Structures are given as structure tokens and as C-alpha cells.
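Notes follow once the structure below has been shown.
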Amino acid sequence: MKPSPELQAALDAAKQAAHIARSMFQHNIEVRIKADKSPVTEADVRCEIAIREILESRFPSHGFYGEETGSRDADAESLWLVDPIDGTKAFVREYPMFSTQIALMRRGEIVLGVSSAPVYGELSFAERGCGAYLNGKSIGVSTVSTLDAAALSAGNIRTLALDGRWPKYGALVAQVNRIRGYGDFLHYHLLAGGKIDAVIESDVNILDIAACAAIVAEAGGRFTDLNGGPVTLQSTSVLATNGRLHAAVLAALA
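For the sequence shown, my numbering gives the first residue as 2, with consecutive numbering after it.
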């Protein structure tokens, strides 16, 4: 596919962030703890600054909402959503399950996403109406249509364990064929590529998931919150499936 100028900018920004992240990975860099008790490193900040410079220089009228440098014109019609290192805890503990997430939301709808995991070695991206790609190859979701044949991955389920759906989640786990916890970018890449069939998360924010929402949707899947509602700036949970399983998983958790 020929990327739009906006997708090309996101890809260029992700490439620059990848260079920074690789150069700082496994170098015992200082870690600070933010007010929300999540870690942040110099790599997070430097990656976001580099991404922001590229996006704002090419699209000065677009808003920007970043994990580390905050927001500008967050009510703009077109809004960039950026998590420079999604998986900072992995980055700090020196294993490769971290990524850069860049998405564009236009009039409240996510229209493109780039998910770059430079050390793990995967780059996935999608743009509305143009399909989804992983390492340059077109990808699509699976055709699995029953829970007893499905592979389910769950991540960030701490809040799910604290509410009334925990027993129902346990019953769902007993129904599916395979349960794993790939987490972060990886289970969305696997879902979009047809390797697994559903993903559940209950403790996320929009910056964690926006790019992957675009990728799963363009791969033919469905991406909502755990109540079946659309993904918004306020979303904190995810149900992502190949589409065929969505109603069944929602019903199991209802």
C-alpha cells in the first residue's frame, strides 16, 4: 500500500523512536516513579519528544496527546495519540516486550495506527480502508467461530479480578481451547495476524490501545471495551476478537 502523508509521518516518527529505544535498551538507565506509580525513564521522554517534533512539524493543526509530554489542542478534529514506550516495566527489566504506539483519532474515531516493537522485531500498521500489515506483509484475523476452538490472551486483568465479572472470566477460561497472557502489543499483533482469536484487558488507557485498535479492525477483527462499547479517550478495558467470537465472549462476561 502507499501510505498517506499522515501514516508516513507516524511511520517516520516510530522509526526515530526505535533508534532511540534501541540505543538505550539494556543500559541501566535511571527510573523515576510518576504520581500514578508507573515508571518513566529518559528513553520514554526522549522518544516522545522525537515523535512529537516530527508529527507537529508536518501537521501543526493536529492536536497531540502523549503519555509523557502531555497534550496540546486535545479537542482538535485530528488528534495524535502517543505512548512512546508502552511496556516501560519490560524496558526497565531488559526484556523486549515493549513498543511505541502512535495513532490518529479524527472526530472521535481512530483512523490509523502504528505499533513498533523494535527490539522484539515487529512493526505493524494500518490505515482505515487500506488493510493491516505486519513487517510489510498483509495480515488478517482467524476464522475460528466457537469458544471451544479459540485461543484467548489476557493482560492487565487486575481490575477484572476485583469486580463481579471475575467468576465469569474463570468460566470463560474453562470454555476456551487455549489461554495465554501475551500482553501489551504482542497479543494484538497475534490477533490481527490470525494466530490467536481473542484478547481481554481491563486496566488500560487509550494511549496503550489506540494504534492496536486500528490494526485489529483493519485486519477484519472487532475492537470494543468489555461492555461492547466503542473505544474512546475514556476507555479503560478491551475486548478484541476476530469478530466471529465477539458476541459469545461478551455474553460470557455479561
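For glycine and all other residues, C-beta sits at the position ideal for the given N, C-alpha and C. Keep in mind the model is a prediction, meaning the values are calculated, not measured.
Item checked: Short Cβ contact (8 Å threshold) for G156 with M98 -> no
Next item on the list: Could you say which of E49, A91, S39 and R107 lies nearest to V232 if we only look at CA atoms?
Entry: R107
Notebook entry, point to check: Within this structure, are the beta carbons of E69 and V46 separated by less than 8 Å?
Noted result: yes
Check: Nearest-angstrom Cα distance between R245 and V145?
Finding: 7 Å
Notebook entry, point to check: So, is V83 buried or exposed, given that buried needs 16 or more other C-beta atoms within 10 angstroms?
Noted result: buried
Notebook entry, point to check: Just curious, the beta strand (DSSP E) that S100 is in, first and last residue?
Noted result: S100 to R107
Notebook entry, point to check: Three or more C-beta pairs closer than 8 Å, one from the region 169-184 and one from the region 211-220: is that the case here?
Noted result: no
Next item on the list: On a CA-only basis, which of G67, I86 and G109 is nearest S79? Give me that one, please.
Entry: G109
Checklist line | Exposed unless 16 or more other CB atoms sit within 10 angstroms - verdict on H20 | finding: exposed
Margin query: For L163, count the other beta carbons within 10 Å of its own beta carbon; 16 or more makes it buried, fewer makes it exposed. Which is it?
Written below: exposed
Notebook entry, point to check: Opposite K123 in the DSSP bridges: which residues?
Noted result: Checking the displayed sequence, the identity of residue 123 turns out to be Glu instead of Lys. Paired residue(s): A118.
Notebook entry, point to check: Would P40 pass as a contact of T89 if the rule is Cβ separation under 8 Å?
Noted result: yes
Notebook entry, point to check: Can you give the Cα-Cα distance for W81 and G64, rounded to whole angstroms?
Noted result: 6 Å
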